[in-house]
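Numbering (this note's numbering), first residue to last: 345 to 535. All C-beta atoms, glycine included, are put in the ideal place defined by N, C-alpha and C. Only a predicted model underlies this, so the values are computations on that prediction, with no experimental measurement involved.
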């Protein structure tokens, strides 16, 4: 639904009947003649804000891996993945880690048990620790895979929220002024 907000906003902003109504509301709120000549800048900010949030949502939907969307953090991901991932699954994850920027960390984790000076076979407990580490590193790999898309998403969300905050802050300040006048004039009107 978020992606449709800019389309709905476009239809509202450029609808003649709605535009006339918004001009009437602006006039009643004390707008000047200059403000009544075009679409309200505040309304345009709301439109731009919804466009920014929609673009951020689209980028997030396209580039964020399903595991990251579903779990949000590596701890619940690892807890669930440990229950269902078997040796063949770990082999695929380890191959992906070896080809990534996480290879040094992966190798250091493996070497802790495999290249010890005592050279004993890995125990089941050690294997479980390594597998747990593999799952943690794999989640980090997924979470950091599309760095440019992540930054673009953050920029779109930030710009969208700033655009939405400007008119909202203006309304908030006006409401606070009205409440201040009421409180100082006759506080009994609040009750």
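Inter-residue spacing [alpha-carbon to alpha-carbon] between residue i and residue j
i	j	result
residue 487	residue 412	6 Å
residue 415	residue 432	23 Å
residue 516	residue 506	15 Å
residue 417	residue 390	32 Å
residue 465	residue 480	23 Å
residue 386	residue 503	15 Å
residue 450	residue 435	13 Å
residue 441	residue 447	5 Å
residue 518	residue 423	50 Å
residue 406	residue 495	14 Å
residue 456	residue 471	11 Å
residue 430	residue 493	32 Å
Nonlocal neighbours in the same chain, by C-beta distance under 7 Å from residue i, ignoring five residues either side
i	result
residue 404	497
residue 425	479
residue 444	485
residue 392	507
residue 511	386, 389, 390
residue 477	453
Contacting residues, own chain, Cβ-Cβ under 6 Å from residue i (five flanking each side not counted)
i	result
residue 483	418, 421
residue 409	486
Assigned exposure category for residue i - 16 Cβ within 10 Å defines buried
i	result
residue 491	exposed
residue 338	Summary: the structure shown does not reach residue 338, with the chain confined to residues 345 through 535, and so no result is reported for it.
residue 467	exposed
residue 500	buried
residue 513	exposed
residue 524	exposed
Sequence-distant residues of the same chain with beta carbon closer than 8 Å to residue i, five excluded per side
i	result
residue 454	474
Give the list of continuous alpha helix (DSSP H) stretches no shorter than 4 residues that lie fully inside the region 442–466. 447–458
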